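S.K.: All residue numbers for the sequence shown refer to this note's numbering, where the first residue is 94 and numbers rise by one. Sending over a structure as structure tokens; questions will come in a sec.
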Amino acid sequence: MLSILIPIFNFDIRPLVQRLCLLGQNLSVEWEIRCYDDGSEEDWKKKNREIKGLGRVHYQELPQNLGRSRIRNLLAEEAQGDYLLFLDCDSEVPDDAFLYRYAELLRPNTLLYGGRIYQAAPPADPALYFHWLYGSKREAIPAAERRAQPYRSFMTNNFLIPTAIFLQIRFDERLLQYGHEDTLFGMQLEKKGIRIQHLDNPLIHAGLEPVGVFLSKTRQGIQNLAFLYRSGYHIDTRLLRFYKQAERLKLTAILPWVLRVFRPIISRQLFSSKPSLRLFDLYKLSLLLDELQRK
């Protein structure tokens with residue numbers, strides 16, 4: 094059996110679940126969909142309760158927010174399937190073969206990652222443009238490119254994994270807020286020698302967020318990254334490579350001060366109509382330097 098697992102937080106899950114139910118009718122394997130709400134606002138829960146009437150769909154509302162890692166572990170623990178397909182709730186299915194491609198490649202020792210894409214045209218709302226730009230340039234990577242660095246290119250928005258393998262690894266529940274749970278999970282997969290097969294079977298990331306929210310989540314992700322680095326994990330990310338290069342050049346004393354001075358200017362540029370991803374990299378480096386200097 095295939096268990097499709099969707100943690101929900103403040104998003105209308107109805108279109109995604111309805112589409113998956115339609116696509117599931119053509120599968121040769123048994124399937125279920127589990128949607129657990131992780132402390133959403135009441136207006137969202139009222140909408141999403143409609144899916145309780147759909148066949149093979151299990152909808153639950155948790156009494157309190159568990160966090161991104163813990164809710165995914167709970168979904169896996171309660172799933173009935175031999176395979177788990179984790180999907181982010183703010184996703185759209187781009188074509189009718191999405192589930193079929195996964196179902197045809199079920200293997201007991203392999204994780205399948207389908208990828209992420211964004212709409213081809215930028216959003217009409219200018220506040221959402223930066224998220225769209227970043228995602229389109231940095232996250233929407235074809236499988237052929239992802240295969241060159243299979244573990245570093247892994248994200249948790251759209252992946253299928255044998256249940257037995259997932260329960261050996263699980264998400265680290267110390268990471269309560271947004272960011273880098275996929276980095277750590279990918280490291281654990283590599284450590285255990287679990288193969289990742291990269292596919293061009295993406296979901297559209299529909300949940301674009303305003304610049305201010307996106308930058309706030311970026312800060313949370315940097316806090317998680319600093320926590321993992323201080324905890325002794327040998328993490329290989331682009332941002333940490335920048336940091337280590339600054340260390341080698343003995344710039345970590347002066348660079349935080351310089352970047353802190355320019356951070357408000359960079360922040361204003363990211364809110365502009367022509368934001369720079371290179372300046373965003375400096376913004377993140379500034380945040381990381383601050384975090385790693387905290388006692």
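Backbone N, C-alpha and C fix where the C-beta goes; we use that ideal spot for every residue, glycine too. No experiment lies behind these values; they were computed from the predicted model shown.
So, with DSSP's three-state summary, where would you put residue 184?
M.R.: Within the sequence shown, residue 184 is the residue found at index 91, counting from 1. Residue 184: strand per DSSP, three-state reduction.
S.K.: For the candidate residues 109, 351, 170, whose alpha-carbon lies nearest to that of residue 140?
M.R.: Mapped onto the sequence shown, residue 140 falls at position 47. When each option's Cα is compared against that of residue 140, the closest is 109.
S.K.: Could you check where the alpha helix (DSSP H) with residue 262 kicks off and where it finishes?
M.R.: To locate residue 262, count along the sequence shown from 1; it is residue 169. 256-262 is the span of the alpha helix (DSSP H), which, as asked, contains residue 262.
S.K.: Taking the alpha helix (DSSP H) that residue 336 belongs to, which residues open and close that run?
M.R.: Residue 336 sits at position 243 when you count from the first residue of the sequence shown. It spans 331-341 - the alpha helix (DSSP H) in which residue 336 sits, taken as one unbroken run.
S.K.: Taking the alpha carbon of residue 291 as the point to measure from, which residue in 315, 253, 384 has its own alpha carbon closest?
M.R.: The residue labelled residue 291 in the question sits at position 198 within the sequence shown. Comparing Cα positions, the closest option is 253.
S.K.: Can you tell me the Cα-Cα spacing of residue 130 and residue 172, whole angstroms?
M.R.: Residue 130 sits at position 37 when you count from the first residue of the sequence shown. Residue 172 sits at position 79 when you count from the first residue of the sequence shown. Their backbone Cα atoms lie some 15 Å apart in a straight line.
S.K.: Just confirm the distance between the C-beta atoms of residue 386 and residue 357, as a whole number of angstroms; I'd bet it's less than 8 Å.
M.R.: As a working note, residue 386 is residue 293 in the sequence shown. As a working note, residue 357 is residue 264 in the sequence shown. The Cβ separation is near 19 Å, so there is no contact.
S.K.: Threshold first: 4 residues or longer. Then list the alpha helix (DSSP H) segments lying entirely within the segment 273-351, N to C.
M.R.: Entirely contained in the segment 273-351, the alpha helix (DSSP H) runs reaching 4 residues are, in chain order, 274-285, 304-323, 331-341.
S.K.: What are the residues that DSSP puts in a beta bridge with residue 266?
M.R.: Indexing the sequence shown from 1 puts residue 266 at position 173. Residue 266 is not bridged to any residue.
S.K.: In chain order, what are the residue ranges of uninterrupted alpha helix (DSSP H) at least 4 long that sit wholly in the segment 140-218?
M.R.: Fully enclosed alpha helix (DSSP H) runs of 4 or longer: 161-171, 191-196.
S.K.: Does residue 244 come out as helix, strand or coil in the three-state DSSP assignment?
M.R.: Reading the sequence shown from its first residue, position 151 is the one you call residue 244. Correct three-state label for residue 244: coil.
S.K.: Which value, in whole angstroms, describes the spacing of the CA atoms of residue 432 and residue 191?
M.R.: The structure shown does not extend to residue 432, since the chain is modelled only from 94 to 388, so the question has no answer here.
S.K.: Quick check: residue 249 and residue 179, are their CB atoms within less than 9 Å of each other?
M.R.: Residue numbering aside, residue 249 sits at position 156 when the sequence shown is read from its first letter. Residue numbering aside, residue 179 sits at position 86 when the sequence shown is read from its first letter. Taking 9 Å as the Cβ cut-off, residue 249 and residue 179 qualify as a contacting pair.
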